[in-house]
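**Q** Sharing a structure here in structure tokens format.
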Amino acid sequence: MTNTDALRVHLHRSALAGMVRRPKNLRRALAYHAEDEGPEAAALANDEDFRSVLRAAASTDPLVELWRKQLTQWDYAEPADWTGTAPRTDSRREEIGVLLGLPAETAALLTALVPVPRASSAVVISDVFTPWYAPQSVQGLSWYWPAYRRVLQDKGWSPEAVAGLDQATDRVVERLADPTALTAYQSKGLVVGHVQSGKTANFTGVVAKAMDAGYRLVIVLGGTLNLLRAQTQRRLDMELVGRENILRGAAANESDYADDPAWTRGDFLAHGGMPSALGGYDIIRMTTRDRDYRSLLQGIVALEAEKQEPALPLNDPRNLHRSHARLMVVKKNKSVLGKLVKDLQKIKTPLSEIPVLIIDDESDEASVNTANPRRSDANRTAINDKISELLRMLPRAQYVGYTATPFANVFIDPSDSEDIFPKDFIVALPRPDGYMGVQDFHDLDSPVAPEDRTVANSNELAHVRDIRLIDDEDCTDLREALDMFVLTAAVKLYRMDHDDLDDNFYRHHTMLVHESVRTQDHHELRELIDRLWAESRYYSAVGHERLRKLFDSDIAPVSRVRAGSWSTPEHYDDLAPYVGVAVMRVSGDGEPTIVVNGDTEKGYGEADFDRRSLWKIIIGGQKLARGFTVEGLTVTYYRRRANNASTLMQMGRWFGFREGYRDLVRLYVGRGEKAGTKEVDLYEAFEAICRDEESFRTQLAQYSTWVDGRPQVTPAGVPPLVAQHLPWLRPTSKNKMYNTRVVELASAGKWEEPTAYPTESVDLAHNTGLWLPVLESLGSTTTPLSYHYDTEQQERSFDARTGRLEPERFLELADSMRWTTDQQFAPLLRYLHKISAPSAGMLDDWLVLAPQHATGKRVAFIGDASRTYSWFARDRRRGAAFGAISEPRHRAAALRIAGALPRGGNRTTEELVRERRGVVALYPVVESRHREAVENTGRVAAEKVVLAFSFVAPAAARSSDGKVVWFTTVDSGKG
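Following the numbering used here, the numbering of the sequence shown begins with 5 at its first residue and continues without gaps.
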């Protein structure tokens, strides 16, 4: 960078420093600051210079990066008193340009280099709350949030990511109670993240902002294991507390982190002195990395001594903002929490004066009361009882739970005021950029036909490998997974050489083997893997030949299309020199494996990713499933089943951030695991819970919009929206329940697919009798329909017989349908009644589609039909209900015809579009027990076919008041 470039950046930085809250006229700001810099600076203080630089600039130039950071803050600002525009929109960016006084060309150049961020924001379901928190005007000392923000920037977080975290944490903190308020209020909330997706960063930000606002005692419930608690303590100490608060005047080598490489490298936050001496306030740690909470009173008792105005309560601003904060990270253990409760009961400061924040990490584990409420002698479970006791003792305590699996928390009885039901808010965090989650291992709703899928367009083909064992002695797939672990290790070493990466870029490289919950099984499995490793002969010609075949058939084709800019060897011979080094890194100490289980905590010490680099194979069970982050995880061998979706999702340790090796990630998963007399497909199970999670998040987003200044739904009224796609996989433990029932669900422009069809022959025949006349009324020839998404290469196309139904006729059919349970369809039926009323003016007709197979196969006469129709092979997957019935390629055209999608380019489809037209799609379904007979005879009796239907109501069929859900709440406190 030249001297002129450096001066220009300095000038713009000075100008922007005065615009933290809002954009102001740039030319005037530049001219003002140029006065102190001399004639050369004056020549740079104009729009012509800025525009000429932007024309030739790259997106990574220092001046552009400076503007990226500031523009992102303005783009994300919410609320913003200087604009009425929505955040992260073109209109917001246009107004920024106007306020800056930028000519149109300059504004356009700047937006081209720094595009408007389109990232999703946090979704909030909330009760009405009293606004009090505005970061710029809060009475407290803004110290730890700015420090934490700098830490994130130094770690390489993008301006968009930092701004997103800033916004998401604001949504939480603003819903806590004002710590200085005269009247105490206890807010309870839940933050829903993704497995291993950065929830700790969010609650660290919340803690920082809450402390800055005046919360003076922060209790973090950090898991049920010593290592998990210690990991959380270390993270907070490193990125929030800082060196000076840790040492408190002691020498650096006396720190409890003296043996931590990050401490000696200077990676821990440094404030430049004690914060209290620099105009801030100190954090007093009441726990350390190696020491959980003990009965040591001095930390809490000191609150009394710090009251500068003894006659005033601690929560008075004159006391609160002149006192230090206390932080403790406590294990979820009855004895530990009991000590804390006893100590709190002894201190002199009235507990009603202390603003307390309780952060419950993994809040659906151990914290939820699982006692049977129907038993007369039911008592709260141990941890839940201690949390409830803390909340009773501390009227100003705020409770915020964090989890990726929220179902147990939202099933808590809302009427139990002493429990942890999130009565005030639920915040669903967006999926972070760069995160590799469950969707990245599945091809959900892919428009690509299965026979056309490749490693380039199929996540399953790229990352998932089946485990199908011949017998219990079969080690073929496990041996291949070990070879894959070695190959991916070699590729990482290759990239370190060819991509000029730091030695610590791939500090950890791990493989996870998860087969059983039994500790004895873990030790036997370790012996097996150690033996297979020794027999693999990776240094021999035989070993290299085996690796060559796997590289050519797997690594090379996948990385060729998915590695992006990361280097990948063209041939195995280019990789071979790195294989020996990789093997040595894993087993140079003679121990390629580490066992992590509940036998003792010895394994956790060996698997301490903070203190040393680990290139190891990790074996474990349940203890790996909660909060334990397996760093550098690249290959997973998974055969362990669970009986509920929350537990299974938490076992997905292969989810997370995989920078530099996303293309190398492999999941070996059991496709036929024994479960009693049945076989379980674990990959199918993960796909089912993926659909459940996406549906839950989508519905939360739908209900989050307020109407006339009021929430449509408060947390106490959130409908369950929790599907169970597989009969053996419950959403959460069966001893938890939810207390809300949806009465009506408005679904304008959404694909709705009932699945609870009857099983009795008489009911099936009844439903077939209802729909067969409709099928027979459809056209004799098929109509080609298609839709083309701008983001996809292929069209979603199919042929269908078509016809029309009057609204009253479809309503008559829907009213007459029989189901295994009416509850699933009842909320939709009520909505159909509303939009079908002539006075509503929402619906003119329904277009009926009966998709037909292009191959001419799977066609049959249905009942006494006069012609054949395509039928669909489906089976029930959740009790008596089906899973997905329709096919993804059928939905896009139907959504377009109903006005839910923009124009898609197909003339035939466009000719069918009407503003007040809905679409009904018919699917004759034949279950497996009848298929052979149907295929042999070409006929299916009315009682042996399921006449299934899906529908899309017109996108315009919305309520005038904007509400989308109506519900009743079943509250145990009301009878």
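Beta carbons: idealized from backbone N, C-alpha and C, even for Gly.
Can you pull the DSSP bridge partners for Pro855?
**A** Paired residues: Ala804.
**Q** Buried or exposed for Gly783, please, with buried defined as at least 16 other CB atoms from any protein chain shown within 10 angstroms of its CB.
**A** Classification for Gly783: exposed.
**Q** Near Ala49, what residues of its chain come up, given a Cβ to Cβ distance below 6 Å and the 5 sequence neighbours on each side ignored?
**A** The residues are Leu34, Ala35 and Ala38.
**Q** Buried or exposed for Leu448, please, with buried defined as at least 16 other CB atoms from any protein chain shown within 10 angstroms of its CB.
**A** The residue is exposed, with fewer than 16 neighbouring Cβ atoms inside 10 Å.
**Q** Since I believe Thr772 is in contact with Ala946 (beta carbons under 8 Å), could you give me their beta-carbon distance rounded to a whole number of angstroms?
**A** At roughly 4 Å, the Cβ-Cβ gap stays under 8 Å, so Ala946 and Thr772 are in contact.
**Q** DSSP on Arg312, reduced to helix/strand/coil?
**A** Note on residue identity: the sequence assigns Gln, not Arg, to residue 312. The answer is coil: DSSP assigns Gln312 none of H, G, I, E or B.
**Q** Nearest-angstrom Cα distance between Asn739 and Phe700?
**A** Confidence in Asn739 is poor, its pLDDT being 40 and thus under 50, which makes the residue's placement unreliable; the coordinate value appears in the next sentence. Looking at the two C-alpha atoms, the distance is approximately 21 Å.
**Q** If you drop the 5 nearest sequence neighbours on each side, which residues of the same chain put their C-beta closer than 8 Å to that of Ser124?
**A** Cβ within range, chain order: Pro434 and Arg435.
**Q** Who pairs with Ala957 in a beta bridge, going by DSSP?
**A** The partner list for Ala957 (beta bridge, DSSP) reads Ala752.
**Q** Run the CB neighbour count on Asp263, radius 10 Å, all protein chains shown included, and call it buried at 16 or more, exposed below.
**A** Its Cβ having fewer than 16 others within 10 Å, Asp263 is exposed.
**Q** Using three-state DSSP, classify His198 as helix, strand or coil.
**A** In this structure, His198 counts as coil in the three-state DSSP scheme.
**Q** Identify the continuous beta strand (DSSP E) that holds Thr638 and give its terminal residues.
**A** Note, Thr638: beta strand (DSSP E), Leu637 to Tyr642.
**Q** Rounded C-beta distance between Thr492 and Val372? I'm assuming under 8 Å.
**A** With a Cβ gap of about 38 Å, Thr492 and Val372 do not count as contacting.
**Q** Are there 16 or more other CB atoms within 10 angstroms of the CB of Ser563, so buried, or fewer, so exposed?
**A** Looking at its Cβ environment, which holds 16 or more other Cβ atoms inside 10 Å, Ser563 is buried.
**Q** Measuring CA to CA, which of Glu610, Val717, Leu394 and Tyr582 is closest to Asp593?
**A** Nearest option by C-alpha distance: Glu610.
**Q** Spatial neighbours of Asn319 within its chain, please: CB distance less than 8 Å, with the 5 preceding and 5 following residues excluded, ordered by chain position.
**A** Excluding positions up to five away in sequence, the list reads Pro183, Thr184, Ala185, Gly218, Glu357, Ile358, Pro359 and Arg400.
**Q** Between the alpha carbons of Pro410 and Val102, how many angstroms are there, rounded?
**A** Going by the C-alpha atoms only, they are around 43 Å apart.
**Q** Quick one: is Glu366 buried, meaning 16 or more other Cβ sit within 10 Å of its Cβ, or exposed?
**A** Under this definition Glu366 is a buried residue.
**Q** With a Cβ-Cβ cutoff of 7 Å, do Leu851 and Val923 count as a contact?
**A** A contact, by the Cβ cut-off of 7 Å.
**Q** For Leu951, count neighbouring C-beta atoms within 10 Å of its own C-beta (all shown protein chains included) and say buried if the count is 16 or more, exposed if not.
**A** With 16 or more other Cβ atoms within 10 Å, it is buried.
**Q** Give me the Cα-Cα distance between Pro1 and Leu20, rounded to the nearest whole angstrom.
**A** With the chain running from 5 to 979 in the structure shown, residue 1 is simply not present.
**Q** Comparing alpha-carbon positions, which option in Ile889, Ala888 and Ala925 lies nearest Ala902?
**A** Of the candidates Ile889, Ala888 and Ala925, the one whose C-alpha sits nearest the C-alpha of Ala902 is Ala925.
**Q** Count the other CB atoms, across all protein chains shown, that sit within 10 Å of the CB of Tyr32; report buried if there are 16 or more and exposed otherwise.
**A** Looking at the sequence provided, one finds Arg at residue 32 rather than Tyr. Answer is exposed; the Cβ neighbour count stays below 16.
**Q** For Ser56 versus Tyr439, is the C-beta distance shorter than 7 Å?
**A** Not a contact, by the Cβ cut-off of 7 Å.
**Q** Can you give me the C-alpha to C-alpha distance between Arg153 and Glu663, rounded to a whole angstrom?
**A** Looking at the two C-alpha atoms, the distance is approximately 21 Å.
**Q** Tell me whether the beta-carbon of Leu832 lies closer than 7 Å to the beta-carbon of Glu756.
**A** A contact, by the Cβ cut-off of 7 Å.
**Q** On the premise that Asp216 lies in contact with Trp147, defined as a C-beta separation below 8 Å, what is that separation, rounded to the nearest angstrom?
**A** Contact holds; Cβ gap of about 6 Å.
**Q** Look up Arg670 in the DSSP assignment and say whether it is helix, strand or coil.
**A** Three-state result, Arg670: strand.
**Q** Do you know how far the Cα of Ala818 is from the Cα of Tyr761?
**A** About 12 Å.
**Q** Restricting to Cα atoms, I'd like to know which of Ala116, Leu536, Asp53 and His16 is closest to Gln74.
**A** Residue His16 is the option with its Cα nearest to Gln74.
**Q** Determine the direct distance from the alpha carbon of Ala112 to that of Lys28, and round the result to whole angstroms.
**A** About 18 Å.
**Q** Within the same chain, show all residues whose beta-carbon is closer than 8 Å to that of Asp980, passing over the 5 residues directly before and after it, in chain order.
**A** Since the displayed the chain opens at 5 and closes at 979, residue 980 lies outside it and no answer follows.
**Q** Do you know how far the Cα of Leu145 is from the Cα of Arg326?
**A** Taking the straight line joining both Cα atoms gives about 9 Å.
**Q** Would you say Arg92 and Asp79 are within 7 Å of each other, going by their C-beta atoms?
**A** Going by C-beta atoms, Arg92 is nearer than 7 Å to Asp79.
**Q** Give the secondary structure of Gly783 by DSSP, where H, G and I count as helix, E and B as strand, and everything else as coil.
**A** In the structure shown, Gly783 sits in coil (DSSP, three-state: anything other than H, G, I, E or B).
**Q** How many Å lie between Phe131 and Arg330 at the Cα?
**A** Contrary to the premise, residue 131 reads as Asp rather than Phe in this sequence. Those two C-alpha atoms are separated by around 29 Å.
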